[in-house]
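Worksheet for the structure shown next.
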Amino acid sequence: MNKILNLIFAILIFSLPNLFSQTTRDKSIFDMLDSDTKAKQPPFVIDQADRPALEGTVDPEKYYVGPSDKISVNIWISPPVNFILTVTPEGTLIIPTVGDVKVSDKTLAETKQIIISKVKKKYIAGDVTVSLISPRPIVILVTGNVLFPGSFVLSSTDRAEKAIQVANNQSVQHSMSTRNITLKRKDGTVVRVDLKKYYATTDDQFNPYLREGDHIFVPTTELVKNVIGIYGNVNAPGRYEYVSGEYLTDAIKIAFGFTHRAVTDSIELHRLDITATKLQTQIFSYTDIIDGKAPNIPLEPGDRIIVKGKIEQREDFRVFIGGEVLHPGTYPITKNSTKLSEAIEYTGGFTQFASLKSAEVYRTSISPKEIDLERKMSMRGSISPDDSLIYLIETELRLQKEIVNVDFEKLFLHNEKSQDIILQDGDHIQIPSVKRTVYIFGQVLKPGHIQYTEAGTIDYYISKCGGLTDAARKCDIKIIKSKTMQWLDPDETTVGEGDYIWVPKKIERSFSYYTTVLSQTASIFSVVIGMAIVIIQLTK
Numbered sequence: 016m017n018k019i020l021n022l023i024f025a026i027l028i029f030s031l032p033n034l035f036s037q038t039t040r041d042k043s044i045f046d047m048l049d050s051d052t053k054a055k056q057p058p059f060v061i062d063q064a065d066r067p068a069l070e071g072t073v074d075p076e077k078y079y080v081g082p083s084d085k086i087s088v089n090i091w092i093s094p095p096v097n098f099i100l101t102v103t104p105e106g107t108l109i110i111p112t113v114g115d116v117k118v119s120d121k122t123l124a125e126t127k128q129i130i131i132s133k134v135k136k137k138y139i140a141g142d143v144t145v146s147l148i149s150p151r152p153i154v155i156l157v158t159g160n161v162l163f164p165g166s167f168v169l170s171s172t173d174r175a176e177k178a179i180q181v182a183n184n185q186s187v188q189h190s191m192s193t194r195n196i197t198l199k200r201k202d203g204t205v206v207r208v209d210l211k212k213y214y215a216t217t218d219d220q221f222n223p224y225l226r227e228g229d230h231i232f233v234p235t236t237e238l239v240k241n242v243i244g245i246y247g248n249v250n251a252p253g254r255y256e257y258v259s260g261e262y263l264t265d266a267i268k269i270a271f272g273f274t275h276r277a278v279t280d281s282i283e284l285h286r287l288d289i290t291a292t293k294l295q296t297q298i299f300s301y302t303d304i305i306d307g308k309a310p311n312i313p314l315e316p317g318d319r320i321i322v323k324g325k326i327e328q329r330e331d332f333r334v335f336i337g338g339e340v341l342h343p344g345t346y347p348i349t350k351n352s353t354k355l356s357e358a359i360e361y362t363g364g365f366t367q368f369a370s371l372k373s374a375e376v377y378r379t380s381i382s383p384k385e386i387d388l389e390r391k392m393s394m395r396g397s398i399s400p401d402d403s404l405i406y407l408i409e410t411e412l413r414l415q416k417e418i419v420n421v422d423f424e425k426l427f428l429h430n431e432k433s434q435d436i437i438l439q440d441g442d443h444i445q446i447p448s449v450k451r452t453v454y455i456f457g458q459v460l461k462p463g464h465i466q467y468t469e470a471g472t473i474d475y476y477i478s479k480c481g482g483l484t485d486a487a488r489k490c491d492i493k494i495i496k497s498k499t500m501q502w503l504d505p506d507e508t509t510v511g512e513g514d515y516i517w518v519p520k521k522i523e524r525s526f527s528y529y530t531t532v533l534s535q536t537a538s539i540f541s542v543v544i545g546m547a548i549v550i551i552q553l554t555k
């Protein structure tokens, strides 16, 4: 009976301070909130700033316990006993009614076993569980090629990479080594940090968890000489910092392994001699190296590894067919063999509203950069006000698309096989609707669409628009063909269905323009008269 009373008394003694301090802490946070915010808060406010972000669950086999770690010790008796304890600066855990336990510099798994063993001696009948409640803050020293070398406060769940990021203010130092970083523990142990290899393998040894007192040194690397190259059919081809003692298989790992097209039985290793004047090439089988049939090749600075790929002709070759077909959309084609008639068959054929006369095939073979360059180059020359509108419209239409020369009427109505072109990847086939109109714009009284008639002339369509305005330049009227976008004079063509008629405006000249022309004409005239007089005098 006395033992039970002593146990209850001990629990009360150690629980009251924790309960009081927690209540005081929660109250102080809650009191800082305004009345509206208080109404929205849950009964218990938790300070999230005290809880570091974790990349995953803590691995007891890899986490080392240290001062300020908070550990929960649970003794499952009736009633159960729970202690929230903090590791002391001396690295011990003081367990009420049990005693001191040395836990510093031990893994969490070892710490659990030590605590359970110690508590079991006191509480024989009950089960005991131990959990890490809150990881501790630690101080880390970072020096070398970083923006802000010095000491930083991090969490014991952070890796070496986090310390380097903090020292660089989350930026990237291009001359900073990422593979030859050294981490020195306070016990003298030196670990090499290799971030590139960690990204490729996710092996913890290349990006270890931090402990208090760690010193990270980030050296400078030579981006040209102290490198190896791995190119071809690997998932991350490129140039990588050289690390002494690595082998060819390590380079494959850093490049995230092979692609599905890689030819692994004839990988090439190119190596320069010390004078960089002679190139040696070795061919090896990756499978033989893995199976132990061939030696793994140690790497040297400047080595270049080439992983060739299998020939693969299969690609997403496709064309888009839109407009007046039964089933418009994107359709697969074969490389350099699918004809236009076959592609139209995929869609189910034309609708009754299809205008074969205006149907077109667009093809793009100029990159956006080339289009932009050509547009800039074409603008260097001077463009007169008379030509500016026509020039700009024609140039923009030409640069936006390339029209393939094909006559849909000859192919599908008259079965002329010469028009059955072979389609290319990315071709766009557009079958417009029948346009029974002609569009007139510019200097007419009522611009717009006019009903098409085969007998219609320029004058007919202009009259339908109310006639010309006083500012119209009748001698320069143009017919724009609906399919080719050619600008033709009325005497060069007839008005067809869907064509455009453009009526330009008279150019208004300032008085200074006419005085300039007059003075220039007078000057020329005076020169001509002078030359005539000279010639007459010489012939006498």
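So the number in the working numbering is just where the residue sits in the sequence shown, counting from 1, plus 15.
Even glycine gets a Cβ: it sits at the ideal position worked out from N, Cα and C.
Within the same chain, Cβ atoms closer than 8 Å to the Cβ of N250 are found at A270, F271, G272, F273 and T274, the five residues on either side in sequence being excluded. Separation of K77 and M191 (C-alpha to C-alpha, rounded to the nearest whole angstrom) is 28 Å. In the structure shown, the three-state DSSP call for M191 is strand.
Counting only the Cα atoms, K85 lies some 9 Å from S146. By the C-beta criterion, the segment 333 to 347 is judged to be in contact with the segment 366 to 381, since at least 3 inter-stretch pairs fall below 8 Å. Closest in C-alpha terms to H464, from the list N195, S525, W517 and L169, comes W517. Annotation for K493: the continuous beta strand (DSSP E) segment containing it runs K493 to I495.
Take the alpha-carbon of H443 and the one of R286: they are about 48 Å apart. Annotation: the continuous alpha helix (DSSP H) that includes L355 extends over L355 to Y361.
Sixteen is the threshold: since fewer than 16 other Cβ atoms of the shown chains lie within 10 Å of the Cβ of G203, the residue is exposed.
Here E417 carries a strand assignment [DSSP, helix/strand/coil]. For the pair P316 and N241, the CB atoms are nearer than the 8 Å cut-off.
Annotation for V518: the continuous beta strand (DSSP E) segment containing it runs Y515 to V518. Straight-line spacing of the CA atoms in G457 and T362 works out to 39 Å. Runs of the alpha helix (DSSP H) lying entirely within the segment 293 to 335 and spanning at least 4 residues, in chain order: 301 to 305. Straight-line measurement puts the Cα of K489 at about 31 Å from the Cα of P447.
Assignment of G545 by DSSP, reduced to helix, strand and coil, places it in the helix class.
A contact between stretches requires three or more CB pairs, one per stretch, nearer than 8 Å, and the segment 214 to 234 meets this requirement with the segment 146 to 164. For E256, the three-state secondary structure derived from DSSP is strand.
Taking the Cβ atoms as the reference, I245 lies roughly 7 Å from Y255, within the contact range of under 8 Å.
The alpha-carbon separation between Y467 and A358 amounts to approximately 31 Å. Between the segment 343 to 358 and the segment 430 to 440, the count of C-beta pairs closer than 8 Å reaches three or more; the two stretches touch. Residue environment analysis places T126 among the buried positions, since at least 16 neighbouring C-beta atoms fall within 10 angstroms of its C-beta. Here DSSP, grouped into helix, strand and coil, assigns Y475 to helix. A check of alpha carbon separations from Q128 across F221, I109 and P75 identifies P75 as the nearest. With a cutoff of 8 Å on beta-carbon distance, R151 and P223 are scored as not near each other. A contact is defined here as three or more CB-CB pairs under 8 Å, and the segment 492 to 503 meets this definition with respect to the segment 512 to 531. Taking all protein chains shown into account, R329 has fewer than 16 neighbouring C-beta atoms within 10 Å of its C-beta and is therefore exposed.
As the crow flies, the alpha-carbon of A486 is around 32 Å from that of I539. Taking all protein chains shown into account, L225 has 16 or more neighbouring C-beta atoms within 10 Å of its C-beta and is therefore buried. Ranked by how close their Cα comes to the Cα of D306, the residues S186, F221, D229 and D280 have D280 in first place. Contact check for I418 against D318 fails: the beta carbons are separated by 8 Å or more.
Sequence-distant partners of G81 (beyond 5 residues in either direction) whose C-beta falls short of 8 Å from its own C-beta, in its chain, are V102, G106, S119, D120, R151, I153, S171, R226 and E227.
Taking a 10 Å sphere around the C-beta of S186, we find fewer than 16 other C-beta atoms and assign the residue as exposed. A distance of 8 Å or more separates the beta carbons of V322 and A291. Taking D218 as the centre and dropping the five residues before and after it, the same chain places the C-beta of K212 closer than 8 Å to its C-beta, in chain order.
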